[in-house]
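So the mapping is simple: the numbering used here equals the position in the sequence shown, first residue as 1, plus 58. One structure is given below, encoded as structure tokens.
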Amino acid sequence: MAGLGSISVLDARGLVCPEPVLRTAKAMRSVDPGETLTVLATDPVASIDFPYHCHHAGLELVSTTSAAEVLIFKIRKPRTPVHRAPNRPTG
Numbered sequence: 059m060a061g062l063g064s065i066s067v068l069d070a071r072g073l074v075c076p077e078p079v080l081r082t083a084k085a086m087r088s089v090d091p092g093e094t095l096t097v098l099a100t101d102p103v104a105s106i107d108f109p110y111h112c113h114h115a116g117l118e119l120v121s122t123t124s125a126a127e128v129l130i131f132k133i134r135k136p137r138t139p140v141h142r143a144p145n146r147p148t149g
């Protein structure tokens, strides 16, 4: 992960499911509430995995875009924690 604060980037290019999501979950622990993590991924399954993960981890998937076969996910950690069910993953 490069940088901290509002311009954090996690390069998960070349990794396949479930690694991009697992590394994102770990990286989100270092992201301050209200801040955003940008994740770069090349695994096509990530377009399914990230919306699911964000929903269940209480994170906001701000945007999903692509450029030159790289998927770009912007994920925000909420300022106030989302109350999660006991079986939801942490992020």
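Cβ coordinates follow ideal geometry from the N, Cα and C atoms, glycine included. Note that the structure is a prediction, hence the values are computed from the model and not measured.
Rounded to whole angstroms, what's the CA-CA distance from residue i to residue j? Just pull it up for me.
i, j, result
"L95", "P139", "16 Å"
"V120", "G72", "23 Å"
"S64", "C112", "Residue placement at S64 is flagged as unreliable, the pLDDT there being 47, under the threshold of 50; the coordinate-derived value follows with that caveat. Distance between the alpha carbons of S64 and C112: 18 Å."
"I106", "D90", "25 Å"
"P98", "L68", "The amino acid at residue 98 is misidentified as Pro; the sequence shows Leu. For L98 and L68, the distance between alpha carbons rounds to 6 Å."
"S66", "R81", "13 Å"
So which of the options has the shortest CA-CA distance to residue i?
i, options, result
"K135", "S88, Y110, T122", "S88"
Spatial neighbours of residue i within its chain, please: C-beta separation below 8 Å, excluding the five flanking residues on both sides.
i, result
"V103", "V74, C75"
"G92", "R134, K135, P136, R137"
"M86", "L95, A115, L117, I133, K135, G149"
"V128", "R71, L98, A99, T100"
"P126", "Note that residue 126 corresponds to Ala in the displayed sequence, not to Pro. So no residue of the chain qualifies."
What residues in its chain sit with their C-beta under 7 Å from that of residue i, if we drop five residues either side in the sequence?
i, result
"S124", "I130"
"D101", "L73, V74, C75, P78"
Quick one: measure Cβ to Cβ for residue i and residue j, integer angstroms, because I've assumed they're closer than 8 Å.
i, j, result
"A83", "E77", "Actually they do not touch by this definition, with Cβ atoms about 11 Å apart."
In its own chain, which residues sit with a C-beta less than 6 Å from the C-beta of residue i, not counting the 5 before and 5 after it?
i, result
"T122", "F131"
"P109", "L119"
What does residue i pair with, by DSSP beta-bridge criteria?
i, result
"E118", "R134"
"D90", "Looking at the DSSP assignment, D90 forms no beta bridge with any residue, so it has no partner."
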